[in-house]
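Residue 843, in this note's numbering, is where the sequence shown stops; the numbers in between run on with no holes. One structure is given below, encoded as structure tokens.
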Amino acid sequence: MSVDSQPSSAVAKLTVPGMGSDHCAGIVKTSLQRLDSVGDITTNIASHRVEVTYDPSTADLDDLRKAVENAGYDVAAANTSGAGKKAQLIVPGMGSDHCAGIVRESLQRLEGIESIKTNIASHKVHVVMTDAGPSVEQLKQAVEKAGYDVAQASSEAAEDEAEKDADIEDAYLNQALKRLWIAGIPTTLIMVLMIPHMFWKPIPGYLLIVALLAFPVVFLYGGAATHKSTWRSLTNRTFNMDVLISMGSVPPYLIGLAGFFVTMTSFIEMAATIMTFHLLGRYLEAKAKGRASQAIRKLLTLGAKTARVERDGQEQEVPVKELQPGDIMVIRPGDKVPTDGEVVEGESHLDESIATGESVPVYKSPGDTVIGATINKEGRLRVKATKVGGDTFLSQVIKLVEQAQGSRVPIQEFADRMTGRFVPIVILIALASFAVWFVAADSLRPILAWGADFLPWVDQTATTPVLAILAAIAVLVIACPCALGLATPTALMVGSGIGAERGILIRSGEAIQTFKDVKVMVLDKTGTITRGEPKLTEVVTANNVTEQQLLQWAATVENASEHPIARAIVEGARERQVSPGEVKEFRSTGARGVSGRVDDAMVLIGNRKLLNEEGISGLEALDQELDNLEGRGRTAVLVAVDGQACGIVAVADTIKGESVAAIRGMHDLGLHVVMITGDNERAARAVAEEVGIDEVQAGVLPEGKVDAIRQLQKKHGNHVAMVGDGINDAPALKQANVGIAIGAGADVAIEAADVTLVRGELTGVVEAMHLSRATFGKIVQNLIWASAYNVAAIPIAAIGLLHPMIGVIAMTVSSLSVIGNSILLKRVKLSVDK
């Protein structure tokens with residue numbers, strides 16, 4: 010028995026395997042919109058999913074299912090939930106409705122709960138929360154406080170839903186193949202009989218044999234689903250593609266039966282062939298589209314299925330779904346990291362290519378974060394799980410790729426307008442063709458005579474009724490709204506998949522279209538162009554002091570300080586094989602400097618003002634070097650020993666190795682590159698000159714970056730993109746026409762921008778730009794081909810120059826060519842020469 014707590018609004022997720030193009034998605038959407046209780050509707054043909062926001066007080070899941078089925082499409086799976094996160098708890102002690110009520114009441118006290126469903130038979134509690142709702146651990150604690158033990162608690166990850174979708178897609182593909190075989194065998198026999206019957210010797214009882222062989226193809230398992238879809242679609246006044254196929258196969262079969270009573274051309278063979286080629290096209294489209302959308306499948310195979318964890322002092326293997334935050338996972342060499350976490354013990358290199366696209370393994374030690382599904386190369390690690398289920402990096406990537414694949418591109422409105430009324434218009438053209446040929450066949454025969462010279466299937470001797478029927482059926486089967494409907498989503502599927510494999514996550518189709526027109530690229534300095542951490546860059550000595558001795562003094566004193574510049578000096582000294590010693594009488598003067606006794610020498614380190622105040626001599630000899638270093642954007646620190654200036658140590662936020670190549674790549678794309686930073690003018694210009702920035706805006710505070718973006722938009726139009734860290738720069742990223750968050754691994758703020766570059770390299774911006782331009786180019790090519798095909802093919806069919814069987818083959822080829830053209834995106838070169 011189950012008890013439900015219903016929200017005021019709910020989201021239903023319907024899986025519709027036959028929804029294979031935007032044309033189909035539009036029909037499904039139209040049918041659902043007729044229900045008064047329905048709000049927002051989102052369709053995703055990549056995952057065959059429809060998400061519907063509705064009022065559960067006036068409609069239920071069955072109403073939504075019927076609306077989709079009335080449009081002519083079967084619903085393979087349907088479930089209802091709130092709009093947020095989902096979790097499942099197993100509570101063994103929940104053995105009655107009374108217990109279920111207590112559990113439900115304890116959970117309802119938490120903020121952000123959308124709905125709760127309890128099942129005392131399976132001891133399961135399903136909870137739906139808002140995105141800001143409680144964590145799985147908080148749910149578990151609430152139930153335990155009510156007096157019940159929780160045997161298992163897990164959030165439903167994006168992988169789980171995507172895996173279910175993949176299983177449904179496989180079942181749909183297998184069903185399509187089965188129908189094709191059942192239709193293909195009788196149709197092949199018909200073709201084998203037809204050739205000798207027509208060109209050699211009539212076969213006794215030929216018409217009866219053909220009619221019997223074609224009947225299961227046209228009406229039973231082969232065509233039954235198509236005709237069922239047609240009937241639903243017609244009664245629902247939403248015309249789908251199946252309507253054209255039914256009208257192109259059923260009438261010819263029925264007309265062909267007249268051959269039992271009068272001598273006439275048989276159309277039964279054509280009816281069977283049209284249906285079989287339609288089923289072949291459906292199968293090939295499903296198979297090809299599966300190739301186009303294989304990015305999700307690839308991501309699904311990446312995650313580990315089990316994890317080795319420490320519990321009660323022992324290592325035990327558990328399913329990844331049972332992991333909880335705080336669990337200590339043991340990861341041996343060669344193992345996949347089960348979920349996102351933090352290294353607590355051990356050192357190793359991890360292959361993070363699945364997350365970043367970078368093939369070079371990354372060194373990990375205690376305190377470093379690791380990403381689930383990455384591979385441990387050599388050392389043994391103990392890792393504390395920090396994120397599980399739907400919160401993991403892999404789950405976020407899968408959600409983002411699905412979101413991109415299901416999104417819409419503004420240019421798609423053109424196709425939507427064409428496909429919305431496509432089928433009714435085609436039916437009218439087919440009827441008009443029939444009428445014109447029936448009435449004025451003699452006037453049109455010169456066209457046939459002309460076409461017969463180079464088209465072997467044109468029969469200019471056919472009777473008027475035959476010509477009328479052939480023209481009408483050819484119009485019906487040559488028309489292809491599917492090609493138009495596949496033009497945009499297949500390109501998005503492939504493009505977003507390629508991006509995911511390279512660590513480029515593009516949130517939407519709209520971002521792809523906007524991105525291709527970007528003229529100005531705005532870059533933050535710290536963490537984007539530079540590494541975001543100071544590093545020892547130069548050591549200048551004076552008064553016969555060696556570099557090693559100067560570093561020994563500086564590192565020993567600075568080792569007692571926690572200031573970032575001090576840490577950079579100490580780390581830099583260690584890299585140069587100089588280890589800090591012991592300091593006595595350490596004293597800090599805040600931001601001005603530090604001092605301390607090293608052996609018998611008093612060492613003072615700080616800025617010029619501090620050393621002047623302390624009466625240090627010999628500073629004049631270092632003035633030129635000091636000005637030179639500061640002019641190049643360095644933070645220069647003076648070192649004095651026993652009242653005498655001995656040298657300078659300089660630190661700087663060093664430029665990332667790939668920044669110069671990335672900005673050169675941006676210039677090759679014709680972009681005007683602007684750096685906006687809070688640093689001083691001199692330091693900013695030094696970095697800009699080194700990497701080739703076109704324009705610098707320095708001293709800009711975080712809140713001033715939004716205004717700076719607005720000014721650039723006024724000057725250059727709405728063609729401004731910004732690259733930032735995705736967190737501190739979030740307002741400016743939102744203000745830009747395209748916001749690009751650049752970060753690394755699980756720390757990346759996926760929600761902060763239109764495009765997220767998982768690998769923390771600026772070259773990813775250029776790769777993303779190439780990818781967006783290539784993807785949009787494929788969309789345009791697909792739309793042009795699909796439109797031109799229909800504009801040309803329908804008139805050719807209407808004037809009698811296209812045989813219906815050739816037409817149905819051409820229709821299939823049209824859809825496959827659009828998918829194939831999209832798959833060619835995989836050949837696009839994205840990498841930037843460094």
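Glycine included, every Cβ here is placed at the ideal spot set by N, Cα and C. No experiment lies behind these values; they were computed from the predicted model shown.
- Looking at K525, V658, V59 and K724, the one whose alpha-carbon comes closest to that of K544 is V658.
- A straight-line Cα-Cα distance of about 18 Å links E354 and D321.
- Under the Cβ criterion (8 Å, minimum of three pairs), the stretch 584-599 counts as touching the stretch 555-563.
- About 15 Å separates the beta carbon of L771 from that of V527, a gap too long to meet the 8 Å contact definition.
- In the same chain as A564, and ignoring 5 residues on each side of it, the C-beta atoms closer than 7 Å to its own belong to I578, V579, A582, V587 and P589, in chain order.
- Around the beta carbon of D662, 16 or more other beta carbons sit within 10 angstroms, so the residue counts as buried.
- Going by beta carbons, A693 and T686 fall inside the 8 Å limit.
- Around the beta-carbon of L721, 16 or more other beta-carbon atoms lie within 10 Å, marking it buried.
- DSSP places P328 in the strand class (E or B) of the three-state scheme.
- Burial check for Y230: the Cβ neighbour count within 10 Å stays below 16, so the residue is exposed.
- Shortest Cα-Cα distance from V603 to any of S823, A569, I264 and F269 involves A569.
- In the assembly as shown, M675 is a buried residue. Its beta-carbon has 16 or more other beta-carbons within 10 Å.
- When Cβ pairs closer than 8 Å are counted between the two stretches, the stretch 185-196 is seen to touch the stretch 220-235, the count reaching three or more.
- DSSP places R58 in the uninterrupted beta strand (DSSP E) bounded by R58 to Y63.
- Note that the stretch 124-139 touches the stretch 92-103; at least 3 beta-carbon pairs, one per stretch, sit closer than 8 Å.
- Assignment of S357 by DSSP, reduced to helix, strand and coil, places it in the strand class.
- Each residue's CA atom was taken as its position, placing L710 and D688 some 9 Å apart.
- Considering only V352, D400 and T383, the residue with the shortest C-alpha distance to P375 is V352.
- Relative to the Cα of R596, the nearest Cα in the group V566, R617 and G624 belongs to V566.
- Counting other Cβ atoms within 10 Å of its Cβ, H107 stays below 16 and is therefore classed as exposed.
- Distance check between K187 and each of V159, A155 and G232 places G232 closest, using alpha-carbon atoms only.
- Residue pairing by DSSP places Y157 in no beta bridge whatsoever.
- In summary, M200 is exposed, with fewer than 16 beta-carbon neighbours lying within 10 Å of its beta-carbon over all protein chains present.
- Ranked by Cα distance from L532, the options I436, A670 and I702 are led by I702.
- Around the beta carbon of I521, a 10 Å sphere encloses 16 or more other beta carbons of the protein chains shown; the residue is thus reported as buried.
- Separation of the CB atoms of T537 and D734 is rounded to 7 Å, and the pair is thereby assigned contact status at 8 Å.
- Proximity to Q653 across E120, A802 and G627 peaks at G627, based on C-alpha coordinates.
- The C-alpha of E319 lies about 45 Å from the C-alpha of L834.
- In the three-state reduction of the DSSP assignment, H812 falls in the coil class.
- For the stretch 482-548, the full-length beta strand (DSSP E) segments reaching 3 residues or more read 513-515 and 529-533 along the chain.
- Boundaries around Q561 are those of the alpha helix (DSSP H), E556 to E567, since no beta strand (DSSP E) includes it.
- Contact between the stretch 801-820 and the stretch 439-453 is present: 3 or more CB-CB pairs across the two stretches fall below 8 Å.
- The beta carbons of G265 and F276 sit about 4 Å from each other, so the pair counts as a contact at 8 Å.
- Going by beta carbons, V646 and I574 fall inside the 8 Å limit.
- Assignment of R291 by DSSP, reduced to helix, strand and coil, places it in the helix class.
- Assignment of N128 by DSSP, reduced to helix, strand and coil, places it in the strand class.
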